[in-house]
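Protein chains: 4
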Amino acid sequence: MIKVGIIGSTGYAGQQLVWLLQNHPSIEIVFLCSHSYENTLYKDIYKNFNGFIDDLCINIHEAEYKLNCINMLFLALPHGKSFNITKKALEKGVKVIDLGADFRINSENIYEQWYKVKHTSPELLKESVYGLTELNRNHIKKASLIANPGCYPTASILALAPLLKLNLVDKSSIIIDAKSGISGAGRNASIGNIFAECNESIKAYSVGEHRHTPEIEQELGLICNDNITLTFTPHLVPMNRGILSVCYSKLICKKSQEEIYKIYKDFYKNEFFIKITDTMPETRWVKGSNLCHIGIRLDERTGRVIIASCIDNLIKGAAGQAVQNMNLMFNLDEKTGLDFPAMMP
Amino acid sequence: MIKVGIIGSTGYAGQQLVWLLQNHPSIEIVFLCSHSYENTLYKDIYKNFNGFIDDLCINIHEAEYKLNCINMLFLALPHGKSFNITKKALEKGVKVIDLGADFRINSENIYEQWYKVKHTSPELLKESVYGLTELNRNHIKKASLIANPGCYPTASILALAPLLKLNLVDKSSIIIDAKSGISGAGRNASIGNIFAECNESIKAYSVGEHRHTPEIEQELGLICNDNITLTFTPHLVPMNRGILSVCYSKLICKKSQEEIYKIYKDFYKNEFFIKITDTMPETRWVKGSNLCHIGIRLDERTGRVIIASCIDNLIKGAAGQAVQNMNLMFNLDEKTGLDFPAMMP
Amino acid sequence: MIKVGIIGSTGYAGQQLVWLLQNHPSIEIVFLCSHSYENTLYKDIYKNFNGFIDDLCINIHEAEYKLNCINMLFLALPHGKSFNITKKALEKGVKVIDLGADFRINSENIYEQWYKVKHTSPELLKESVYGLTELNRNHIKKASLIANPGCYPTASILALAPLLKLNLVDKSSIIIDAKSGISGAGRNASIGNIFAECNESIKAYSVGEHRHTPEIEQELGLICNDNITLTFTPHLVPMNRGILSVCYSKLICKKSQEEIYKIYKDFYKNEFFIKITDTMPETRWVKGSNLCHIGIRLDERTGRVIIASCIDNLIKGAAGQAVQNMNLMFNLDEKTGLDFPAMMP
Amino acid sequence: MIKVGIIGSTGYAGQQLVWLLQNHPSIEIVFLCSHSYENTLYKDIYKNFNGFIDDLCINIHEAEYKLNCINMLFLALPHGKSFNITKKALEKGVKVIDLGADFRINSENIYEQWYKVKHTSPELLKESVYGLTELNRNHIKKASLIANPGCYPTASILALAPLLKLNLVDKSSIIIDAKSGISGAGRNASIGNIFAECNESIKAYSVGEHRHTPEIEQELGLICNDNITLTFTPHLVPMNRGILSVCYSKLICKKSQEEIYKIYKDFYKNEFFIKITDTMPETRWVKGSNLCHIGIRLDERTGRVIIASCIDNLIKGAAGQAVQNMNLMFNLDEKTGLDFPAMMP
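If you're matching them up, the sequences are chains A, B, C and D in order.
Counted from 1, the first sequence has number 97 at position 97 by the UniProt record's numbering; the numbering is strictly sequential.
Counted from 1, the second sequence has number 70 at position 70 by the UniProt record's numbering; the numbering is strictly sequential.
Counted from 1, the third sequence has number 296 at position 296 by the UniProt record's numbering; the numbering is strictly sequential.
Counted from 1, the fourth sequence has number 308 at position 308 by the UniProt record's numbering; the numbering is strictly sequential.
Written out as structure tokens, the structure reads:
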């Protein structure tokens, strides 16, 4: 049994992780840590766990103290909060998967520029591995510290990777127009987040300045060994879960839609969680699962290829991918605990 | 491995059943039958199953032909459609769980009165066992034919059973005001069912004449060994899943809220899927699970006790309870394939 | 032109009032007062008013200072906050409509018991008129202080008034099961209020102890000249607006459904805003309007009559009825500024 | 009084038109025509009109017969269905506003290519005026036949017009990623349209082949006097109403965000219904109104300008703009009957 601790267990990503680990056959949850709910029964916060989990949430000091009892630490914290605990855990030989942003950006400078906080553990950036499982599997297997990807980057990078790997598109032509369910805004009590302010409305936000932008650019750049600068526009949609990322780029070669479709099929042919779909994907078909559905349309009139990908923002976009990575790090079948389809409707 | 066939596999209850069985460790799905989608790939109808199920939907004739290859037949059909196939399956020694209404009402007359169709297999009514697992476990274990309860009856009977078993309330005082998500209306293309006609609205329907009324009355009557006539009002609420059943009745004894709470705790003390909650239940805490949450309030000013129960209409209210019953019929742990909490949010 | 001031203008009821008054032909809005948004442009809080309202929100001291400039003051404040300003306004000859609860309960004791605050203006209780327009029109016309009804009481009293006026039902048998959209919970940033915690779920709350209970009981008691004690259960439904109030009671006379229907038709025959409908009402048909739709079903099996009424909680249940009352107080046609149907879908 | 008839009055656009005309001070509705609901009371289909409209729906033959009694005919029909009745109405001197697509495309060939039906009244194409009010006001005033714009084109053309008029962007760089509420899919009973299939999901559809594409290209081309070929991707979002159109293009000049903002402010400075907003727009602020909110962001890193516009698809995107055009055609104040803000929440 892998013994795990979770810090930041009461946010939506943390809770999803608890859900997945609680159903995982090779896991023992040693502690649940929460800043906001110290000393509260977890099942009193998330009543779905009534009958399943009887733990009290502990605080960060207790969590540090218990690092000796675990093999695997998950962090699901706001940016800037993972530096210290990660260092301590690694020093004790505990593997770490950080669902937050603190180790995703390879460049300390770029991190500080976009996140507006000082990076206090830049030495760990070399060690950390970007945990987009399908693209980085071999490094993940050997890693001690995983920077688990953001939700938008997961959907967007998976959508664009084949085009960039095979050098099919103009690298300066990329636009990502992404739409997320409202759990993506986190479990924060703010006026903008309340039901009657979100329901029956859609909006774009952080246009041209969302923090997932440099993360997407970095990883796409690594794929094609070039610098990528792109436009990224996220939106909030009145639904609980799901991301649809629609990616536009200009073909620089002569390819039919069928040829591109075949390229994608080949690129992901061994990937259980990635499905290339004939029809354009809808978030409902992946909601509650670790799957990613990708659809392809060639707009022949304009020479643009349009790739749409769907994930569940809390699963493949956060907790599910973290479990997928953990499975790899502990030599388990990558699908363990994740091998179920979306539940409809 | 239990070999199962599912007839009516493309309605919402049928699809939920496929989902559960597909994740069940002791099951092999032998066929999926669908009247509407004969010869279509199941994963083309429900694209969540892309990568999980490659079966074509077969028609009823092929299904009959394959009865020899299965141990267990699930039916999820409109009322009046299960008579023939049930008879044929039972004759071949196949156990049957009918998620529809055809074998729920013990009296042929009452069935015909409420359902307006002729009951053509009245001889099976003696054989059939009402599959409300928690209240009927011993009969279910030995049964060949299960009449799986309706969604509203499951929530309502579980809510009221302790009060009636212990004779705590005036039997003529029962009112059930129940609210369902819109999947409860089925996967039917009708104007009343389309998004913009359901969203941002709530309504009561079939007031005083819903077909689940005699089913609830029959089972509550059996519990207290008396005739029960009650008022039942169902509603449609703009959400995909979930039932909240709020049950009103008048106490005929002196009990405090704490005492009633304790009675419920005792009554269901060995039941994994039933939780008596301190706070009033919300459907989100059971959505996507086989759980039933029950909350209790005594209105001392009026002497009424108000029991609210929540289930997922497609799981504990349909496919989940069917699997729970199948587990019992095949001597499996009752929780097999159902042992997971609701997924939030 | 009636010159009005609004205190509490940035809550949902206040904003709805601004909307209605802004479209009202005989109104000049003199000031908008807001505790939370002092000195902010109203159109920066509610961007729908961009191009329509250029006022800054003022604070309560400025509002008091401007009492001299208005004829009519609307208050949309939390309970316990309306006492002082009401007194000051009345002293200056300004008519007051309080959308809050402070003057609804005739008995100081009952108010304090349910609202847990001291009533500091009990002398005004004799003066104040309960503003359920259809039932109290003549008193409203002559009043200086209107206690505008709560949303649930409006729907519930209108539903039950004919039965009690004509003494058709057992007064001890009344149960009200009411369902509200989430704007009814107010514009408060709390975890329980955020989208992903409300969406796809329904719950009952404040069961047996909601503060609208004594208000409903008081007014129904006045209608039948007797004491009424009833059970009232409110719910939150995942939609922005609307209330459906389903009212159960036991007939004590022999009446057919048609006869009861006719009684209701007669009772409300001169009421433009009340429609007795053949089918059971749905909140969408009144959403965004000042209408109230009432449907009737007799459950002959149990002798219960079930009355369902629908209103828009923010209009007929708050701001619309306030405008209706203002129209009466200023001898305008009662329908002025309110004479439009619900907008679908 | 303008005497109007409406053909196609029971679809969502038709119903919205009835709502607006019913509240319009200078209108008398002479007939409501409906193919699907001939001889049915309009208020039995749309129960919001109970107490407001007592008309029966008539059929097309009766409608033709009554052309003599009207000045103004509105058509809200599927494409290919407006040719004959338009011709007949014009012959009788009745002005026509067609909310459908039949007269929007100037080229018969392009129409037939995208709509796959024969255009049987090509001679009317010269006469018809494209009714995007803000851009075509002078022609509209004198027109007898208005081709009322599609919902996506209205939002998208208003967003892009200033950029193209002033030649600020690379004309080959335009991508429109638009999102619509589900009323945009029409009032059709189909599986894809039902609540549980749309709710909690988002999808792109008709990617690269939506029929609004040539309409947008034509009008933008006329604005800049050049050929425009662009990429247009529509989406369905789980809400009743609203369109958000996010338009991407590449600047070909040096302009700051503030400069572009000022250009937009100037361009629309006399337009009551168009608001240039500091923050990015949200559909809720225009829902239920004839307003269009436009927000601007310059992505300096990529040189792209991102214009987001919001309208209510059924009002400014259909019926509201039709009324705005009618007002012009009859020398009324353009805002008559449309001069109200969005109702929140």
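Backbone N, C-alpha and C fix where the C-beta goes; we use that ideal spot for every residue, glycine too.
- [ ] Out of B:HIS79, B:LYS335, B:ILE194, state which residue places its alpha-carbon closest to the alpha-carbon of D:ARG187.
- [x] As a first step, residue 187 of chain D is located in the fourth sequence; it is residue number 187 there, counting from the start. Minimum Cα distance to D:ARG187 is reached at B:ILE194.
Open item on the list: Contact defined as beta carbons within less than 8 Å: I believe C:MET239 pairs with B:PRO238. What is the distance between those atoms, to the nearest angstrom?
Closed with: Counting from one through the third sequence, the residue named residue 239 of chain C turns up at place 239. Counting from one through the second sequence, the residue named residue 238 of chain B turns up at place 238. With a Cβ gap of about 5 Å, C:MET239 and B:PRO238 count as contacting.
Open item on the list: Strictly under 8 Å for the Cβ-Cβ distance: is C:CYS198 near chain A by that measure?
Closed with: As a first step, residue 198 of chain C must be located in the third sequence, where it is residue number 198. Cβ-Cβ to chain A under 8 Å: yes for C:CYS198.
- [ ] Would you verify that the beta carbon of D:ALA319 is, or is not, closer than 8 Å to some beta carbon of chain C?
- [x] Within the fourth sequence, residue 319 of chain D is the residue found at index 319, counting from 1. False, the Cβ-Cβ gap to chain C never drops below 8 Å.
Open item on the list: Considering Cα atoms alone, identify which of C:LYS171, C:GLY11, C:LYS116 is closest to C:THR231.
Closed with: Position 231 of the third sequence, counted from the first residue, corresponds to residue 231 of chain C. Here the closest residue by C-alpha is C:LYS171.
Task: Under 8 Å (Cβ pairs) to chain A, residues found in the segment 225-256 of chain D - done: THR229, LEU230, THR231, THR233, HIS235, VAL237, PRO238, MET239, ASN240, ARG241, GLY242, LEU244, VAL246, TYR248
Open item on the list: What does DSSP give as the partner residue(s) for A:PRO234 in the beta ladder?
Closed with: Position 234 of the first sequence holds residue 234 of chain A. A:ALA178.
Task: Beta-ladder partner(s) of B:GLY192, from DSSP - done: For the purposes of this step, residue 192 of chain B is taken as the residue at position 192 of the second sequence. Paired residue(s): none; B:GLY192 is not in a bridge.
- [ ] Give the secondary structure of A:THR213 by DSSP, where H, G and I count as helix, E and B as strand, and everything else as coil.
- [x] Counting from 1 along the first sequence, the entry for residue 213 of chain A is found at position 213. The answer is helix: DSSP assigns A:THR213 an H, G or I state.
Open item on the list: Suppose the cutoff is 8 Å on Cβ atoms and the five residues either side in sequence are ignored; what does the same chain contact list for C:GLU64 look like?
Closed with: Walking along the third sequence from the start, residue 64 of chain C turns up at place 64. Cβ neighbours of C:GLU64 beyond the five flanking positions: ILE85, LYS88.
Open item on the list: Determine, for B:TYR12, whether the minimum Cβ-Cβ distance to residues of chain A falls below 8 Å.
Closed with: Counting from one through the second sequence, the residue named residue 12 of chain B turns up at place 12. Cβ-Cβ to chain A under 8 Å: yes for B:TYR12.
Open item on the list: Could you check whether the Cβ of B:ALA189 sits closer than 8 Å to any Cβ belonging to chain A?
Closed with: By one-based count along the second sequence, residue 189 of chain B stands at place 189. No - not a single Cβ of chain A is within 8 Å of the one on B:ALA189.
- [ ] Step through the CB atoms of chain D and report whether any lies within less than 8 Å of the CB of A:PRO214.
- [x] The sequence position of residue 214 of chain A within the first sequence is 214, counting from 1. Chain D, which has no Cβ nearer than 8 Å to the Cβ of A:PRO214, makes this no.
Task: Counted within 10 angstroms of its Cβ, other Cβ atoms place D:ASP226 as buried (16 or more) or exposed - done: Sequence index remark: in the fourth sequence, residue 226 of chain D carries index 226 (1-based). Burial call: exposed.
Task: C-beta contact flag for residue 402 of chain B and B:LEU17 at 8 Å - done: The structure shown has nothing for residue 402 of chain B, since chain B only spans 1 to 345.
TODO: Give me the Cα-Cα distance between D:LEU164 and D:LEU244, rounded to the nearest whole angstrom.
DONE: Against the fourth sequence, residue 164 of chain D aligns to sequence position 164. Against the fourth sequence, residue 244 of chain D aligns to sequence position 244. About 20 Å.
Task: DSSP-derived helix/strand/coil call for C:THR283 - done: Indexing the third sequence from 1 puts residue 283 of chain C at position 283. Note: C:THR283 maps to helix in three-state DSSP.
Task: Three-state class that DSSP yields for A:ARG137 in the structure shown - done: Within the first sequence, the letter at position 137 stands for residue 137 of chain A. Correct three-state label for A:ARG137: helix.
- [ ] Inspect the CB distances between the segment 257-271 of chain B and the segment 207-226 of chain B and report whether three or more fall short of 8 Å.
- [x] no
- [ ] With A:THR277 as the anchor, note down where its beta strand (DSSP E) starts and where it stops.
- [x] On the first sequence, position 277 is the one that residue 277 of chain A refers to. Start and end: 274-277.
Task: Nearest neighbour of B:LYS142, chosen from B:LEU160, B:CYS57, B:SER128 [CA to CA] - done: For the purposes of this step, residue 142 of chain B is taken as the residue at position 142 of the second sequence. Here the closest residue by C-alpha is B:SER128.
Open item on the list: Using only the alpha-carbon positions, how far apart do A:LEU314 and A:ALA196 sit?
Closed with: By 1-based counting over the first sequence, the position of residue 314 of chain A is 314. By 1-based counting over the first sequence, the position of residue 196 of chain A is 196. If I take the Cα positions, the gap works out to 23 Å.
Task: Residue-chain proximity (D:ILE307, chain A), Cβ-Cβ < 8 Å - done: Here residue 307 of chain D refers to the residue found at position 307 of the fourth sequence. No - not a single Cβ of chain A is within 8 Å of the one on D:ILE307.
Task: C-beta atoms of A:GLY208 and D:ARG297 nearer than 8 Å - done: Here the question's residue 208 of chain A lines up with position 208 in the first sequence. Here the question's residue 297 of chain D lines up with position 297 in the fourth sequence. Result yes, Cβ atoms of A:GLY208 and D:ARG297 sit closer than 8 Å.
TODO: Assign B:SER36 to one of three DSSP states: helix, strand, or coil.
DONE: Here residue 36 of chain B is taken as the residue at index 36 of the second sequence, counted from 1. Looking at B:SER36 - three-state DSSP - the assignment turns out to be coil, as it is neither helix nor strand.
Task: Extent of the continuous beta strand (DSSP E) to which A:TYR248 belongs - done: As a first step, residue 248 of chain A must be located in the first sequence, where it is residue number 248. Unbroken beta strand (DSSP E) run through A:TYR248: 243-250.
- [ ] Could you tell me whether any Cβ in chain C is nearer than 8 Å to the Cβ of D:ALA76?
- [x] Mapped onto the fourth sequence, residue 76 of chain D falls at position 76. By this cut-off, D:ALA76 is not an interface position.
TODO: Would you list, in chain order, the members of the segment 287-308 of chain C that have their beta-carbon closer than 7 Å to a beta-carbon of chain B?
DONE: LYS287, ARG297, ASP299, ARG301, THR302, ARG304, ILE306, ALA308
Open item on the list: Let's see if you can read the secondary structure: which residues bound the alpha helix (DSSP H) around A:ALA66?
Closed with: Within the first sequence, residue 66 of chain A is the residue found at index 66, counting from 1. The sequence given here has Lys at residue 66 of chain A, not Ala. First-last for A:LYS66: undefined, no H or E at that position.
Task: Where the alpha helix (DSSP H) through D:GLY323 begins and ends - done: Position 323 of the fourth sequence holds residue 323 of chain D. The question names Gly, but residue 323 of chain D is Val in the sequence shown. Element bounds for D:VAL323: 320-329.
Task: Neighbourhood of residue 367 of chain D by C-beta distance below 7 Å, restricted to the same chain and skipping five residues each side - done: The structure shown does not extend to residue 367 of chain D, since chain D spans only 1 to 345, so no value can be given for it.
Task: Local conformation of A:GLU259 per DSSP, three classes - done: Residue numbering aside, residue 259 of chain A sits at position 259 when the first sequence is read from its first letter. Helix.
- [ ] Check the DSSP bridge columns for C:LYS95 and list the partner residues they point to.
- [x] Here the question's residue 95 of chain C lines up with position 95 in the third sequence. In the DSSP output, where bridge partners are listed per residue, C:LYS95 has C:MET72.
- [ ] Inspect the beta-carbon positions of C:VAL323 and C:HIS24 and report whether they are closer than 8 Å.
- [x] In the third sequence, counting from the first residue as 1, residue 323 of chain C sits at position 323. In the third sequence, counting from the first residue as 1, residue 24 of chain C sits at position 24. Contact: yes.
- [ ] Could you tell me whether the segment 25-42 of chain D touches the segment 94-107 of chain D, using the rule of 3 or more Cβ pairs below 8 Å?
- [x] no
Open item on the list: Counting only C-beta atoms, is A:GLN324 closer than 8 Å to chain B at any point?
Closed with: As a working note, residue 324 of chain A is residue 324 in the first sequence. Taking Cβ atoms only, chain B never reaches closer than 8 Å to A:GLN324, which makes this a no.
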